[in-house]
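Reviewing the structure listed below.
In the working numbering, the protein residues as written are 34 to 95.
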């Protein structure tokens with residue numbers, strides 16, 4: 034569940050930059066958003082991997 038907390042934390046942190054980029058048209062906020070989206074993608078891949086490993090363990094009964 035720790036990774037899901039990290040996921041939520043990243044999303045919450047992005048809200049301010051989303052508003053700056055779309056509402057105030059600050060391009061630097063867009064750069065920060067792209068960086069955070071990349072971090073989000075990496076974390077999501079880790080979560081996917083963990084889920085797959087757990088499913089495999091449960092399937093084999095280990």
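From the three backbone atoms N, C-alpha and C, an ideal C-beta is built for every residue, glycine too.
Just so you know, these numbers come straight off a predicted model, no measurement behind them.
What's the call for residue 47, buried or exposed, on a 16-neighbour Cβ count within 10 Å?
-> Stepping through the chain shown from its first residue, residue 47 is reached at position 14. By the 10 Å Cβ count, residue 47 comes out buried.
Collapsed DSSP secondary structure at residue 58 in the structure displayed = Start at 1 with the first residue of the chain shown, and residue 58 comes out as number 25. Coil at residue 58, not helix or strand.
Look up residue 46 in the DSSP assignment and say whether it is helix, strand or coil.
-> Counting from 1 along the chain shown, the entry for residue 46 is found at position 13. Secondary structure of residue 46 (DSSP, three-state): helix.
Does the beta-carbon of residue 37 have 16 or more other beta-carbons within 10 angstroms, so that it is buried, or is it exposed?
-> Working through the chain shown from its first residue, we reach residue 37 at position 4. Exposed: under 16 other Cβ atoms inside 10 Å.
Could you tell me which of 73, 80, 79 sits nearest to residue 96, measuring between CA atoms?
-> With the chain represented from 34 up to 95, any question about residue 96 goes unanswered, as that position is not in the structure.
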